[in-house]
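The next block holds one structure in the form of structure tokens; read it before the comments.
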Amino acid sequence: MKTILITGGAGFIGSHVVRLFVNKYPNYRIVNLDKLTYAGNLANLKDVEECANYEFVKGDIVNGEAMLSLFRQYQFDGVIHLAAESHVDRSISNPTEFVFTNVIGTVNLLNAARAIWKDNRDDKLFYHISTDEVYGSLGKEGMFTETTKYDPHSPYSASKASSDHFVRAYCDTFGLPTLVSNCSNNYGSYQFPEKLIPLFIHNIRNKKPLPVYGKGENIRDWLWVEDHARAIDVIFHQGTVGETYNIGGHNEWTNIDLIKLMCAVMDRKLGRASGESEKLITYVKDRAGHDLRYAIDSTKLQNELGWVPSIQFEEGLEKTIDWYLDNEAWLENVTSGDYQKYYEEQYSKR
Ligand code: NAD
Ligand code: DAU
């Protein structure tokens with residue numbers, strides 16, 4: 002029996018990782034630690050909450066004492082650390098929150114692991130989940146590899162870059178067994194509708210304007226969230242301590258092409274005339290410091306650990322749109338209350 006801590010398990014990617022581990026490893030005790038911020042939602046885990054090998058703990062990684070007690074109580078064998086403030090636009094409005102959670106929260110977890118594991122860490126692992134945004138922005142050519150120099154531009158990516166450096170520094174300085182993976186943009190079910198794909202599904206459904214930043218020419222490399230969860234499983238079990246693995250879908254889209262595809266798919270699904278939803282496209286003021294292009298080279302992960310993405314983007318996008326249309330109650334629930342205030346603040350001035 003191993004006890005694994007998953008932080009941020011009530012969020013978008015975390016909930017998929019918790020679900021995969023709880024179902025696939027009945028001999029692991031999975032402890033999901035989450036503060037339940039606006040982005041954390043226990044409804045994301047309804048299907049596993051009764052499982053005997055699953056436990057939820059409400060807690061804040063910024064509280065170092067609480068993290069130490071948690072590690073002392075559970076004696077974790079492994080940590081998969083996803084808890085973070087994750088939205089770039091929010092990091093532009095409130096950078097400090099990102100320093101607390103992403104930097105200090107990560108250091109608190111590293112300190113707790115170090116204090117409890119001491120020299121007894123042969124079969125232990127601290128696995129930190131990071132992003133391709135730490136590498137900065139690409140021009141028309143090239144891809145991010147594991148050796149690309151860090152060059153973050155947003156407060157979000159700067160805070161993630163800082164946390165990555167701390168994780169590696171604890172490995173080099175204290176011998177803490179750590180691993181880092183850097184992934185491209187995820188899409189799929191249970192994503193909070195502040196991010197492009199679920200936000201635009203929600204707006205198309207409700208015939209609201211689709212706020213495209215700048216000219217819509219920025220490029221993102223989209224990966225099915227369940228493929229990210231599978232990659233995390235493979236890396237957690239087979240990755241080499243001290244290494245970094247890039248995870249990506251080789252699936253680049255300009256925002257505007259992606260948005261037009263979503264409009265066409267949703268016109269068909271909602272029985273609207275072809276071209277109707279595209280009329281909702283509204284070009285708005287660009288995001289400050291907006292990175293032009295991300296593209297991940299995941300050759301190392303594919304060659305060394307045998308992971309490959311399982312689904313074509315067009316199919317994954319259809320499934321994603323179906324999920325949000327079929328789960329209107331979930332969407333209504335997360336877009337009530339504070340969401341309206343956020344939306345007003347974020348988009349009324351653009
Ligand atoms: P999310 O915002 O959906 O979820 C974050 C979770 O962390 C929420 O459940 C939230 O309640 C929890 N949390 C936030 N602050 C906390 C705190 N102080 N203490 C405890 N829990 C706290 O994020 P996501 O999109 O699922 O991203 C998860 C991780 O993956 C993040 O580290 C992010 O940087 C990384 N990542 C995300 C993407 C993406 O496309 N979404 C891509 C690459 C990497
Ligand atoms: O690359 C990985 C990263 O992907 C993760 O580390 C982040 O946690 C995650 O939020 C995501 O960051 P992005 O900024 O790329 O994702 P977002 O969905 O916010 O935006 C995708 C693109 O769409 C980006 O170029 C900005 C644009 N956009 C976004 C929103 C919300 C718009 O044009 N209009 C919008 O309203």
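Be aware that the sequence shown starts at 2, since it is given in the numbering used here, and climbs by one per residue.
By construction, the Cβ of each residue, glycine as well, lies at the ideal position given by its N, Cα and C atoms.
Nothing here was measured: the structure is a model prediction, and the numbers come from that model.
Just checking, does the stretch 145-164 make contact with the stretch 197-214 on the three C-beta pairs under 8 Å criterion?
no
Extract the residue ranges of the alpha helix (DSSP H) inside the stretch 36-89, only unbroken runs of 4 or more that lie entirely within it.
65-75
State the start and end residues of the unbroken alpha helix (DSSP H) segment that holds P96.
For the purposes of this step, residue 96 is identified with residue 95 of the sequence shown, where counting begins at 1. From DSSP, the alpha helix (DSSP H) with P96 extends over 96-99.
Which same chain residues, not among the five before or five after V23, have their C-beta less than 7 Å away from its C-beta?
Within the sequence shown, numbered from 1, the residue matching residue 23 stands at position 22. Here the set comprises I31, V49, C52, N54, Y55.
Would L71 pass as a contact of L37 if the rule is Cβ separation under 8 Å?
One-based indexing of the sequence shown puts residue 71 at position 70. One-based indexing of the sequence shown puts residue 37 at position 36. Contact check for L71 against L37 fails: the beta carbons are separated by 8 Å or more.
Got a sec, what are the start and stop residues for the alpha helix (DSSP H) H229 sits in?
Within the sequence shown, residue 229 is the residue found at index 228, counting from 1. Residues 226-239.
Under 7 Å from any heavy atom of ligand 2, does the C-beta of S185 make it?
By one-based count along the sequence shown, residue 185 stands at place 184. The answer is yes for S185.
Who pairs with V285 in a beta bridge, going by DSSP?
Here residue 285 corresponds to residue number 284 of the sequence shown, with the count starting at 1. Bridge partners of V285: Y214.
Does the distance from the C-beta atom of T97 to that of A85 stay below 8 Å?
For the purposes of this step, residue 97 is taken as residue 96 along the sequence shown, with counting starting at 1. For the purposes of this step, residue 85 is taken as residue 84 along the sequence shown, with counting starting at 1. Cβ atoms of T97 and A85: not closer than 8 Å.
Taking Cβ positions, are L139 and R288 nearer each other than 8 Å?
Walking along the sequence shown from the start, residue 139 turns up at place 138. Walking along the sequence shown from the start, residue 288 turns up at place 287. No, they are not a contact pair.
Let me check understanding here. Comparing Cα to Cα, which of S16, E134, K320 lies closest to F57?
Stepping through the sequence shown from its first residue, residue 57 is reached at position 56. Among S16, E134, K320, the Cα nearest to that of F57 belongs to S16.
Need the endpoints of the alpha helix (DSSP H) that K261 sits in, please.
Position 260 of the sequence shown, counting from 1, holds the residue named residue 261. It spans 256-271 - the alpha helix (DSSP H) in which K261 sits, taken as one unbroken run.
For I31, list the residues DSSP reports as bridge partners.
Position 30 of the sequence shown holds residue 31. According to DSSP, I31 bridges with I5, Y55.
Sort G217, H166, Y188, G60 by Cα distance to E244 and report the nearest one.
Position 243 of the sequence shown holds residue 244. Ranking G217, H166, Y188, G60 by Cα distance to E244 puts H166 first.
When you compare only the Cα positions, how much space is there between E134 and N183?
Start at 1 with the first residue of the sequence shown, and residue 134 comes out as number 133. Start at 1 with the first residue of the sequence shown, and residue 183 comes out as number 182. C-alpha separation (whole angstroms): 8 Å.
Assign T107 to buried or exposed, taking buried as 16 or more other Cβ atoms, counted over all protein chains shown, within 10 Å of its Cβ.
Start at 1 with the first residue of the sequence shown, and residue 107 comes out as number 106. Burial call: buried.
Look up L293 in the DSSP assignment and say whether it is helix, strand or coil.
Within the sequence shown, residue 293 is the residue found at index 292, counting from 1. In this structure, L293 counts as coil in the three-state DSSP scheme.
Regarding I130 and ligand 1, is the C-beta to nearest heavy atom distance less than 7 Å?
One-based indexing of the sequence shown puts residue 130 at position 129. Indeed, a heavy atom of ligand 1 lies less than 7 Å from the Cβ.
Taking the alpha-carbon of L262 as reference, which of Q239, A232, E316, R91 has the nearest alpha-carbon?
Taking the first residue of the sequence shown as 1, we reach residue 262 at position 261. When each option's Cα is compared against that of L262, the closest is E316.
Exposed or buried, what is D123 when buried is set at 16 or more other beta-carbons lying within 10 Å of its beta-carbon?
Locating residue 123 in the sequence shown gives position 122, where the first residue counts as 1. Classification for D123: exposed.
Among N121, I233, N109, whose alpha-carbon lies nearest the alpha-carbon of A67?
As a working note, residue 67 is residue 66 in the sequence shown. Taking the Cα of A67 as reference, the smallest distance to any Cα among N121, I233, N109 is reached at N109.
Do the stretch 242-258 and the stretch 335-344 make contact, defined as three or more Cβ pairs closer than 8 Å?
no
Starting from N109, follow the alpha helix (DSSP H) in both directions and report where the run begins and ends.
What you label residue 109 is simply residue 108 of the sequence shown in a count that begins at 1. If you look at N109, you'll find it in the alpha helix (DSSP H) that goes 106-118.
Express the C-alpha separation of T283 and Y214 in angstroms, rounding to a whole number.
Walking along the sequence shown from the start, residue 214 turns up at place 213. Walking along the sequence shown from the start, residue 283 turns up at place 282. Going by the C-alpha atoms only, they are around 9 Å apart.
Using a threshold of 8 Å, state whether the C-beta atoms of R217 and T255 are closer than that.
By 1-based counting over the sequence shown, the position of residue 217 is 216. By 1-based counting over the sequence shown, the position of residue 255 is 254. Strictly speaking, residue 217 in this sequence is Gly, with Arg absent from that position. Their beta carbons are under 8 Å apart, which means G217 touches T255 by this criterion.
Just to confirm my understanding: we take K125, look at its own chain, exclude 5 residues before and 5 after, and list those with CB closer than 7 Å. What are they?
One-based indexing of the sequence shown puts residue 125 at position 124. So the list reads D78, G79, W118, P178, once near-sequence residues are dropped.
Skipping 5 residues on each side, what residues in its chain have a beta carbon closer than 7 Å to that of Y39?
Position 38 of the sequence shown, counted from the first residue, corresponds to residue 39. Contacts found: D339.
V226 and I14 - do their beta-carbons sit closer together than 8 Å?
Translated into the one-based positions of the sequence shown, residue 14 becomes position 13. Translated into the one-based positions of the sequence shown, residue 226 becomes position 225. Yes, they are a contact pair.
DSSP has Y128 in a bridge; who is on the other side?
Your numbering for residue 128 matches position 127 in the sequence shown. The partner list for Y128 (beta bridge, DSSP) reads I81, L180.
Cutting at 6 Å between CB atoms, please list the residues of its own chain near R221, excluding the five before and the five after it.
If you number the sequence shown from 1, residue 221 lands on position 220. Excluding sequence neighbours, R221 sits near N186, Y295.
Should M2 go down as buried or exposed, given a rule of 16 or more other Cβ atoms within 10 Å for buried?
For the purposes of this step, residue 2 is identified with residue 1 of the sequence shown, where counting begins at 1. So M2 ends up on the exposed side.
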